[in-house]
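K.L.:
First the structure, which I've put down as structure tokens, then a few questions once you've had a look.
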Amino acid sequence: DCSGEGYVTKIDNEKVEDGNYTSTGNLNADKTIVYENIRNASTPTGVVLNIAPYIAMVALAGVLAFVFLRRRHNNF
Numbered sequence: 001d002c003s004g005e006g007y008v009t010k011i012d013n014e015k016v017e018d019g020n021y022t023s024t025g026n027l028n029a030d031k032t033i034v035y036e037n038i039r040n041a042s043t044p045t046g047v048v049l050n051i052a053p054y055i056a057m058v059a060l061a062g063v064l065a066f067v068f069l070r071r072r073h074n075n076f
């Protein structure tokens, strides 16, 4: 769907408004058709801040498991 927000569609440098473009005629020589479909979108930020607490919990659990299992193994 090229009619969504942020999309710019051009065929031969003419902007296509409704997503439909029809051309008729005869090609008697080589013709180059330039098709552009551009969407300017912002990159989501803050992803690290959303998952950082979970990464910290998994890392802490790994460290605690390593320390606990190491001490237990050394006692035998």
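Residue numbers for the sequence shown, in my numbering: 1 to 76.
Yeah, the Cβ is synthetic: ideal placement off N, Cα and C, and Gly gets one too.
When you compare each of N26, M57, A65, I11 to E36 by their alpha carbons, which one comes out closest?
P.N.:
Checked all of N26, M57, A65, I11; the closest Cα to E36 is I11.
K.L.:
Can you give the Cα-Cα distance for T24 and I33, rounded to whole angstroms?
P.N.:
Straight-line Cα distance between these residues: approximately 13 Å.
K.L.:
Using CA coordinates, which residue listed in R70, R71, T9 is at the minimum distance from R39?
P.N.:
Comparing Cα-Cα distances from R39 to each of R70, R71, T9, the minimum goes to T9.
K.L.:
Quick one: give me the first and last residue of the beta strand (DSSP E) that E36 is part of.
P.N.:
Where E36 is concerned, the enclosing beta strand (DSSP E) stretches over 35 to 39.
K.L.:
Please state the DSSP three-state secondary structure of V16.
P.N.:
Coil.
K.L.:
Using a Cβ-based criterion (distance less than 7 Å to any ligand heavy atom), does V47 qualify as near the ligand NAP?
P.N.:
No copy of the ligand NAP appears in this structure; indeed no ligand is present at all.
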